[in-house]
Amino acid sequence: MSKEYEIFSLGDHSLTLQTGDKISLPVNAKMVTMAEWLRQQHITGLQDAVPSYNSVTIIYDVYPIRKSGAQDAAAFMRERLEDAWEKAIPAQRTALPVNRLPVCYEEPYCLDKQEVMQATALHWEEIVQLHSERVYQVFLLGFLPGFPYMGVLPDVLKVARKETPRQQVPAGSVGIAAGQTGIYPVSSPGGWCILGCTPVPMFDPSLDHPTYFAAGDQVQFYPISAEEFRTIKEKHRPDEH
Amino acid sequence: MSIKVIRQGVLDTLQDTGRYGFQHWGINPGGAVDRYAARVVNLLVGNPMNETVIEMHFPSGQFLFEKDALIAIGGAEWQPFLNDRPLPVWQPVIVRRNTILQFRGGGSGMRGYLAIAGGIEAESWLGSTGTGLSIGKGGFRGRKLQNGDAIIFKECEIDWQTWVHDDHLLQTLPWKANVAPVYHNPNTLFFTRGKEWDTLTETSRYAVSSQGFMVKPASDRMGYQLQGPALKRVYEEELISSAVTSGTIQLLPSGQLIILAADHQTTGGYPRVGHIISAHLPKLAQLKPGQFVRFHTAELSVAEKLCYAMEQELHILQAATDAHLKQYKCR
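Here the protein sequences line up with chains Y and P, keeping their order. Letter 230 of the first sequence, counting from 1, is numbered 231 in the working numbering, and no numbers are missing. Letter 223 of the second sequence, counting from 1, is numbered 243 in the working numbering, and no numbers are missing.
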């Protein structure tokens, strides 16, 4: 039987466990569960456990691990990863609530409307319906604080990244690229095709848990008008004193 | 009460040793790019290793001390001056109020560090005072230091004020750190092979280990962009994005390399050619644009040993400084 996973070093202070070479919901769910499990174990020297589509990376501090008696920090951490593979079992997916998120697909928020219509040969109404009818899984947060990589998009919406990335994508912009959809939590340069914008803040550094989503969350978008966008946006504005 | 910024530098920020544990939220570790230098200057003045320091890039700011302070400076080899008197580096110094600290450049290195005994009042966010520039949190109001900013320092438990001679503008205390071993051979960096190392062509693998790479001017706190021979892979395959860390060497589609630094993106999908070993990250942090760098492969076990040895040295320095401080108190 072939090995279910491989573990490789990411330098002398990190290890990655990787399984398979595809983007899949159950694999990602396993990785998210493993990362959470690892973070809860009070493992000496562990600084973080970061899930991705098909991998979990642990970042650690060599000093306390060796100080505690382990001769080889990498070997010590490799055992913890193997442990997590055995013991961290994802909960039943049906138990997870779906997070419904408003998105305005109208002007001026649908920055790449023409480009996406051209690439898919679909009407805008069809694109909006296809994008908003599906339940997505948050595979991971990365790139920017709180940026959720979500999938999987229907095949007809598979468009490539923009050839020339935008210098500035507004915060809240909802984009698609490479079979996935994501939301820019803060204004930043970006290469995804922008379909719309959500008025709900994806990242609020004043909160204890500053990111709106966590890896593993289930999400569905629902279309709102530009008017509704402004109303919701107003509600989320921080108090001005 | 404070240090006032009387002329702002190009990029002076408050930093500590980093914000760990939030990479799974997409939040990078940040903190001092040269964590070693930041820790050494702290230890020299009796601070905990992860106390807040000022990280400076050249040309750095000018700072007015409004109160006497026990400080230590390290990192890049610029020449610090207090008014017109040169200051020693990697050594604790008592500076008097109403004096101005500034730096003259020329020496090697990219980032300077200033620690103040007792530490600096700074905004903490997610357990770290490192300035997160992209989101405007932590450190000094989440931004770089500007003209007129007052950096408040905390009460110091060490009673060094009693050591002050009235007539001295600056007083050097008799202990210093020997950092030469860590910064020895500044242009040579060891790396462990990355997951995609073997996918490079033999010629490209040889080029990485044998040729010089130039640090491009676009390098910043996020990463070092390098200019070198265009590297090729045996085959191209799309990689699924996964977590990356400080020191990861990625191969860009152009065939050029980039090495991730403190403010790196938390995930990446570029091939991981290698990883700079932890013990050589201080040298990496001090590389200047235009400088050439060479790479040598190292086994993981060697990298880990060197990393542990460097950390042990820091703890020895901590113990030695504490002993010196106690002794000095008794004199």
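Beta carbons: idealized from backbone N, C-alpha and C, even for Gly. These numbers were taken from a predicted model, which means no experiment stands behind them.
State buried or exposed for residue i, treating a residue as buried only when at least 16 other CB atoms are found within 10 Å of its CB.
i: P:Asp32; result: buried
i: P:Gly66; result: buried
i: P:Met330; result: buried
i: P:Lys157; result: buried
i: Y:Thr165; result: exposed
i: P:His185; result: exposed
i: P:Pro194; result: exposed
i: P:Arg124; result: exposed
i: P:Gln347; result: exposed
i: Y:Trp41; result: Inspection of the sequence shows that residue 41 of chain Y is occupied by Gln rather than by Trp. Per the 10 Å Cβ criterion, exposed.
i: Y:His43; result: exposed
i: P:Asp179; result: exposed
i: P:Gln332; result: exposed
i: Y:Ser3; result: Model confidence at Y:Ser3 stands at a pLDDT of 44, short of 50, so the residue's coordinates are unreliable; what they give is reported in the following sentence. Y:Ser3 comes out exposed.
i: Y:His242; result: With a pLDDT of 40 at Y:His242, under the threshold of 50, the predicted position of this residue should be treated as unreliable, and no value is reported.
i: P:Arg55; result: buried
i: P:Ser230; result: exposed
i: Y:Thr58; result: buried
i: P:Gln338; result: buried
i: Y:Leu11; result: buried
Looking at residue i: is its Cβ nearer than 8 Å to the Cβ of residue j?
i: P:Val199; j: P:Gly94; result: yes
i: P:Gln306; j: P:Met76; result: no
i: Y:Gly147; j: Y:Thr212; result: yes
i: P:Phe315; j: P:Leu209; result: yes
i: Y:Cys105; j: Y:Cys198; result: yes
i: P:Leu272; j: P:Tyr244; result: no
i: P:Val254; j: P:Leu277; result: no
i: P:Pro237; j: P:Pro309; result: yes
i: P:Asn48; j: P:Asp283; result: yes
i: Y:Thr121; j: Y:Val153; result: no
i: Y:Pro98; j: Y:Thr34; result: no
i: P:Leu84; j: P:Ile120; result: yes
i: P:Gly159; j: P:Thr151; result: yes
i: Y:Gly191; j: Y:Tyr185; result: yes
i: P:His295; j: P:Ile336; result: no
i: Y:Ile60; j: P:Thr265; result: yes
i: Y:Tyr150; j: Y:Gln181; result: yes
i: Y:Ile233; j: Y:Pro103; result: yes
i: P:Asn205; j: P:Val25; result: no
i: Y:Thr17; j: P:Ser261; result: no
i: P:Glu141; j: P:Lys174; result: yes
Throw me the rounded Cβ distance for the residue i and residue j pair, which I believe falls under 8 Å.
i: P:Glu71; j: P:Asp36; result: 7 Å
i: P:Ala323; j: P:Thr212; result: 5 Å
i: P:Val53; j: P:Asn62; result: Contact flag wrong, Cβ pair sits at about 15 Å.
i: Y:Tyr137; j: Y:Val28; result: Not a contact, Cβ separation roughly 16 Å.
i: P:Leu334; j: P:Arg59; result: 6 Å
i: Y:Leu196; j: Y:Val175; result: 6 Å
i: Y:Leu39; j: Y:Ala50; result: 4 Å
i: P:Trp98; j: P:Gly127; result: 5 Å
i: P:Ile114; j: P:Leu190; result: 7 Å
Interface residues of chain P around residue i at Cβ under 9 Å?
i: Y:Asp205; result: Neighbours of Y:Asp205 on chain P: none; closest Cβ ~10 Å, over 9 Å.
i: Y:Tyr54; result: Ile260, Ser261, Ser262
Mind listing the chain Y neighbours of residue i? Cutoff is C-beta to C-beta under 8 Å, in chain order.
i: P:Glu323; result: Note that residue 323 of chain P corresponds to Ala in the displayed sequence, not to Glu. Neighbours of P:Ala323 on chain Y, chain order: Gly12, Asp13.
i: P:Gly94; result: Simply none; closest approach about 20 Å.
Which chain Y residues are close to residue i, counting only those with a beta carbon under 9 Å from its beta carbon?
i: P:Gln285; result: Gly143, Phe144, Leu145
i: P:Ile23; result: Chain Y residues near P:Ile23: none, gap ~26 Å exceeds 9 Å.
Residues of chain P with CB closer than 7 Å to the CB of residue i, please, in chain order.
i: Y:Gln1; result: Any question about residue 1 of chain Y goes unanswered here, given that chain Y covers just 2 to 242.
i: Y:Tyr64; result: Tyr328, Glu331
i: Y:Phe9; result: Lys215
i: Y:Ala75; result: Leu320, Glu324
i: Y:Ile24; result: Ile260
i: Y:Arg67; result: Tyr328
Anything in chain Y within Cβ reach of residue i, meaning under 7 Å, just list it in chain order.
i: P:Ile47; result: Pro146
i: P:Ile155; result: Pro146, Val187, Pro206
For residue i, go through chain P and note every residue whose CB falls closer than 8 Å to its CB, in chain order.
i: Y:Ile60; result: Tyr40, Gln43, Ala263, Thr265
i: Y:Thr17; result: Lys215, Ser262, Ala263
i: Y:Thr165; result: Those do not exist, as Y:Thr165 stays about 14 Å from chain P at its closest Cβ, beyond 8 Å.
i: Y:Asp71; result: The sequence shown places Ala at residue 71 of chain Y, rather than the Asp named in the question. Chain P residues near Y:Ala71: none, gap ~11 Å exceeds 8 Å.
At a cut-off of 7 Å, is residue i close to the ligand GDP when judged by its beta-carbon and the heavy atoms of the ligand?
i: Y:Pro91; result: Ligands are entirely absent from the displayed structure, and the ligand GDP is therefore not among its contents.
Item checked: Within 8 Å of chain Y by C-beta, residues of the region 113-146 of chain P in sequence order -> Trp145, Leu146
Note to self: Closer than 9 Å between beta carbons: that is the criterion. Which residues of the region 279-307 of chain P meet it against chain Y?
What the structure shows: Gln285, Thr286, Thr287, Gly288, Arg292, Gly294, His295, Ile296, Ile297, Ser298, Ala299
Next item on the list: Would you list, in chain order, the members of the region 166-194 of chain P that have their beta-carbon closer than 9 Å to a beta-carbon of chain Y?
Entry: none
Next item on the list: Please name the residues in the region 167-195 of chain Y whose beta-carbon is closer than 7 Å to at least one beta-carbon of chain P, in chain order.
Entry: Val187
Notebook entry, point to check: Looking at chain A, which residues of the region 195-211 of chain P have a Cβ within less than 7 Å of any of its Cβ atoms?
Noted result: Within the model displayed, chain A is absent; protein chains Y and P are what it includes.
Notebook entry, point to check: Taking Cβ-Cβ distances below 8 Å as the criterion, which residues of the region 218-233 of chain P are in contact with chain Y?
Noted result: none
Note to self: At a CB distance below 7 Å, what residues from the region 105-118 of chain Y approach chain P? Give them in sequence order.
What the structure shows: none
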